[in-house]
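Notes follow the structure.
Numbering (the numbering used here), first residue to last: 0 to 413.
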């Protein structure tokens with residue numbers, strides 16, 4: 000597998016160099032350079048192409064990508080209006096807009112980049128290579144924990160250039176959580192649940208790798224990454240998403256419809272038992288890390304209460320220091336939907352919900368005949384599930400191969 004053009008070279012070498020860039024603390028900065036450079040490159044190709052341009056070289060932007068572009072521009076409008084409402088000043092608007100260009104904007108730019116000549120097989124193979132690298136680094140991290148080496152190696156000096164949260168530039172060997180008495184790894188991510196989300200995305204890309212050896216390396220490596228994070232949402236996603244995807248792809252088949260009808264009939268007969276089972280599962284899910292569940296629930300309640308102060312445009316920014324009940328965590332974090340309502344109000348909520356729903360419809364329609372769309376649908380479901388535990392816009396620089404794959408699926412004609 001070798002890259003064949005400029006866009007594939009940038010994608011390929013950035014992905015297989017993930018750990019190198021992590022130890023340099025350069026991931027966040029390089030993602031900005033690559034995303035915006037490839038967007039400008041795409042714009043140049045669009046500008047220069049004519050009727051005589053070969054079909055394989057032509058760039059077309061599908062409607063689904065335009066939906067994401069318009070929706071993310073709506074996010075920027077909400078951001079500006081909220082800053083004006085709370086009189087945060089022009090300097091704060093510029094700073095927040097730069098942050099938007101490195102978070103929310105990626106949700107539009109990366110599917111747009113998928114409209115370039117990038118083969119999905121290149122993404123599958125590069126992800127499998129990262130999974131192999133992770134299988135090497137996981138025992139090294141556990142060995143560092145056993146030898147009581149310092150967990151935090153250093154903070155990259157690139158923080159002075161890139162800015163934003165310092166955790167994006169911390170180089171960490173391992174982490175220890177006293178609540179669960181567990182050693183949780185984050186490898187090349189800023190915290191364990193973030194790695195769990197990336198691992199789930201990698202899992203569904205690795206499943207499409209045509210080479211059997213690399214496919215199994217990718218599958219085992221991604222599952223190992225999920226396990227070492229002890230992320231409940233990641234474990235739930237890697238189990239539930241394949242089942243949901245299979246059902247969505249096959250629900251038009253008579254056998255699936257008959258089976259669903261039979262299952263529904265018996266489920267109605269045992270409804271009380273099933274309800275008790277799900278209630279018990281929910282309690283066990285929360286009690287696995289009760290402290291974290293309690294803080295997240297409190298953050299959600301406070302964000303919803305504070306949303307009434309600015310229901311249309313939101314507050315513009317997160318509140319950097321919350322009360323003691325949430326361990327002083329910032330209000331508007333740890334949950335995408337509550338965070339959007341707090342920061343960008345109802346306009347922001349619609350700005351994310353619309354492209355998610357439209358992408359779901361598009362990918363479900365195509366997934367019946369396209370394996371790329373099927374993988375893109377699984378990625379979309381992972382992103383949706385993680386909206387309830389993470390702020391997905393802040394982690395786009397990590398799970399970006401999934402967004403590029405979605406763009407490739409959007410442009411496919413089925």
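Just so you know, even glycine gets a beta-carbon here, dropped at the ideal spot from N, CA and C.
query, result
"Those runs of the beta strand (DSSP E) which lie wholly inside the stretch 88-171 and span at least 3 residues", "151-154, 169-171"
"According to DSSP, residues forming a beta bridge with residue 330", "318"
"Cβ-based neighbour list, residue 161, same chain, cut-off 6 angstroms, excluding 5 preceding and 5 following", "27, 28"
"Whole-angstrom distance between residue 133 and residue 63, CA atom to CA atom", "33 angstroms"
"Start-to-end residues for the beta strand (DSSP E) that takes in residue 252", "First-last for residue 252: undefined, no H or E at that position."
"Residue 140 versus residue 401: straight-line alpha-carbon distance, rounded", "26 angstroms"
"The stretch 350-358 / the stretch 64-76 touching (three or more Cβ pairs under 8 angstroms)", "yes"
"Residue range of the unbroken alpha helix (DSSP H) whose run includes residue 47", "26-47"
"Enclosing beta strand (DSSP E) for residue 176 [first to last residue]", "174-176"
"Alpha carbon of residue 37 to alpha carbon of residue 255, nearest angstrom", "42 angstroms"
"Classification of residue 364 by the beta-carbon crowding that lies within 10 angstroms, buried from 16 upward", "exposed"
"Residue 398 vs residue 200 beta-carbon contact at 8 angstroms", "yes"
"N-terminal and C-terminal residue of the beta strand (DSSP E) that residue 181 is part of", "181-183"
"For residue 137 and residue 203, the rounded distance between their alpha carbons", "20 angstroms"
"Boundaries of the alpha helix (DSSP H) in which residue 369 is found, first to last residue", "It is not in any alpha helix (DSSP H) - residue 369 carries neither H nor E in the DSSP assignment."
"Touch test, the stretch 292-302 against the stretch 329-339, Cβ-Cβ under 8 angstroms, three pairs minimum", "yes"
"Distance between beta carbons of residue 404 and residue 374, contact taken as under 8 angstroms", "6 angstroms"
"For residue 31, the nearest candidate out of 396, 407, 406, 408 (CA to CA)", "396"
"For residue 59 and residue 322, the rounded distance between their alpha carbons", "49 angstroms"
"Residues near residue 130 by beta carbon distance below 7 angstroms, same chain, minus five either side", "201, 205, 216, 217, 220, 221"
"Where residue 3 falls, given that 16 or more other Cβ within 10 Å makes a residue buried", "exposed"
"Nearest residue (CA-CA) to residue 174, options 326, 42, 185", "185"
"Supposed close pair residue 311, residue 345 - CB separation, criterion 8 angstroms", "6 angstroms"
"Buried/exposed call for residue 208, threshold 16 Cβ in 10 Å", "buried"
"Neighbourhood of residue 84 by C-beta, 8 angstroms cutoff - its chain only, sequence neighbours within 5 removed", "309, 312, 315"
"CB of residue 99 within 8 angstroms of CB of residue 74, strictly", "yes"
"Close-in-space but distant-in-sequence residues of the same chain around residue 17 (CB under 6 angstroms, 5 per side omitted)", "129, 187"
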